[in-house]
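Numbering (our numbering), first residue to last: 8 to 173. A short worksheet on the structure shown next.
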Amino acid sequence: MKKFLIFFLPVIFLSGCSYKHDDLYTSAKKTTEQAVSNTKKTQILKENKPIIFVTVTYLDSLNNKKFVNPNLEQFVVGIHFTNINISKKEQEKTLREVTFKINNSKEHLQIQTLNPQSPILNIIPASTPWSHYFLVETKKIPKNNIKFSFEIAPYHAESLDFQKNF
């Protein structure tokens, strides 16, 4: 009986812990899947070659109370310079001059530059430490469709349409 307890008690203990781990993994996986379905990407071209890759993730339908504020419209914008001929100084200047609009308005926009270690980037699909990220927030919009626009001067302006999940 003693050998039986010595063998099975650790097995029962470890199996109890595995369920908690599975729940955490499943929850994180669901959040990432939701983020993927609300992410759009575009490329900025120069002479038919991509020089900037942009991803925009709409955080509306993510079930993550830690990062998503239900009273705001929130977007995480990732900007990656693909052309190595653009110097760091030019990249920094370009990033300072990026402008954002939601439904053709800059009104009430709050823009925060995210550092590469920002925890919110853990739920953003394909986030990389060499990209530059912004959190763009505005007050809640009653419309079902949202037009998110950005301009990366002197290169290009782009608009992406997002739909709320009700």
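All C-beta atoms in this analysis are idealised placements derived from N, C-alpha and C, irrespective of residue type, glycine included.
- According to the DSSP assignment, Gln98 belongs to the alpha helix (DSSP H) that extends over 95 to 103.
- A direct Cα-to-Cα measurement between Glu114 and Val63 gives close to 19 Å.
- Taking C-beta atoms as the reference points, Ile86 and Leu102 count as a pair closer than 8 Å.
- The Cβ-Cβ distance between Phe157 and Phe88 does not fall below 8 Å.
- Excluding residues up to 5 positions away in sequence, Gly85, Ile86, His87 lie with their Cβ nearer than 7 Å to the Cβ of Ser138 in the same chain.
- Here Leu52 is exposed. Its C-beta has fewer than 16 other C-beta atoms within 10 Å.
- DSSP places Ile130 outside both helix and strand once states are collapsed to three, so it counts as coil.
- Within the same chain, and ignoring the five residues on either side of Val83 in sequence, the residues whose Cβ sits closer than 7 Å to its Cβ are Thr64, Leu66, Ile127, Ile131, Tyr140, Leu142.
- Annotation for Asn152: the continuous beta strand (DSSP E) segment containing it runs 152 to 159.
- For Ile153, same chain residues with a beta-carbon under 6 Å away, outside a window of 5 residues either side, are Phe169 in chain order.
- Scanning its chain for C-beta atoms nearer than 6 Å, with the 5 sequence neighbours on each side dropped, one finds around Lys171 the residues Asp67, Asn151, in chain order.
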